[in-house]
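Residue numbers (my numbering): 16 to 205.
For glycine and all other residues, C-beta sits at the position ideal for the given N, C-alpha and C.
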Ligand code: HEC
């Protein structure tokens with residue numbers, strides 16, 4: 016009898032490591048929790064995956080990466096646009112020449128040079144900036160600059176150079192409100 020019962024209990028012990036009700040509860044709980052934890056991890060990877068490098072996956076970054084090497088820019092004068100400040104425009108374009116006074120450009124901060132140019136009035140400065148003057152290309156080489164943006168850039172540079180010009184007011188459509196804006200400056204013409 017003892018010979019048959021002994022191997023039987025051995026077989027039982029090796030068949031399962033669950034011997035007590037507590038162990039069974041632990042195993043059943045783990046059987047639920049482990050897959051749920053795993054699914055949560057995978058979900059987090061899938062849903063939260065794009066947080067890894069948010070900048071590199073933004074629409075702007077992606078379109079910048081896949082944009083063609085050369086492109087033609089069609090400027091639609093009627094398109095709604097975000098107007099940039101004078102300081103911004105000067106930074107991206109005008110300072111290329113006006114920061115160091117390249118090719119005889121009136122240098123930002125050079126009171127005498129700007130005084131010489133500004134005495135003609137903002138309106139006049141704007142007209143020559145629109146058309147281009149001497150070594151300066153039309154609109155400082157940035158054809159999509161609006162007149163208002165150009166005027167703001169001129170006012171910014173002049174005022175950095177000891178002038179006291181006033182930015183022309185913007186009308187609702189983002190253009191210079193009226194000729195009246197430039198008139199006070201225009202009066203200074205001789
Ligand atoms: C490629 C170089 C260059 C860039 C870029 C440039 N300028 Fe000039 N700018 C010049 C030069 C050179 C002159 C002097 C022209 C002259 O008197 O012959 C000048 C003169 C001017 C004048 C005085 C015009 C006058 O009638 O007295 C204004 C105003 C002006 N620039 C505004 C701007 C603005 C605003 C920008 C940016 C949107 C800009 N410039 C970008 C080279 C540049």
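Residue pairing by DSSP places residue 151 opposite 148 in a beta bridge. With a cut-off of 8 Å, the C-beta of residue 165 is classified as near the ligand HEC, since at least one heavy atom of the ligand falls inside that distance. With a 10 Å radius around the Cβ and a threshold of 16 neighbouring Cβ atoms, residue 105 comes out buried. The ligand HEC never approaches residue 185 closely enough for any of its heavy atoms to be under 8 Å from the residue's Cβ. Using a Cβ distance threshold of 9 Å, residue 147 and residue 163 do not count as a contacting pair.
A distance criterion of 8 Å places the beta-carbon of residue 80 beyond contact range of the ligand HEC, judged by its closest non-hydrogen atom. With contacts defined as CB atoms closer than 9 Å, residue 173 and residue 180 qualify as a contacting pair.
In the three-state scheme derived from DSSP, where H, G and I count as helix and E and B as strand, residue 184 is classed as coil. In this structure, residue 151 places its C-beta atom within 9 Å of the C-beta atom of residue 112. Taken from the Cβ of residue 155, at least one heavy atom of the ligand HEC lies inside 8 Å. Within its own chain, the residues whose Cβ lies closer than 6 Å to the Cβ of residue 120, once the five positions on either side in sequence are excluded, are 112 and 113, listed in chain order. C-alpha of residue 144 to C-alpha of residue 153: approximately 6 Å in a straight line. Looking at the DSSP output, residue 191 bridges to 185. Closest in C-alpha terms to residue 110, from the list 136, 141, 171 and 98, comes 171. If you check the CB distance, residue 126 and residue 178 come in under 9 Å. Here residue 33 really is in contact with residue 42; their C-beta atoms are around 6 Å apart, less than 8 Å. For residue 84, no alpha helix (DSSP H) run applies, since DSSP gives it neither H nor E. Of the residues 136, 97 and 138, the one whose Cα lies closest to the Cα of residue 159 is 97. In the structure shown, residue 167 falls within a helical segment according to DSSP collapsed to helix, strand and coil. Residues of the same chain with a CB within less than 7 Å of the CB of residue 169, apart from the 5 flanking positions on each side, are 137, 140, 141 and 144 in chain order.
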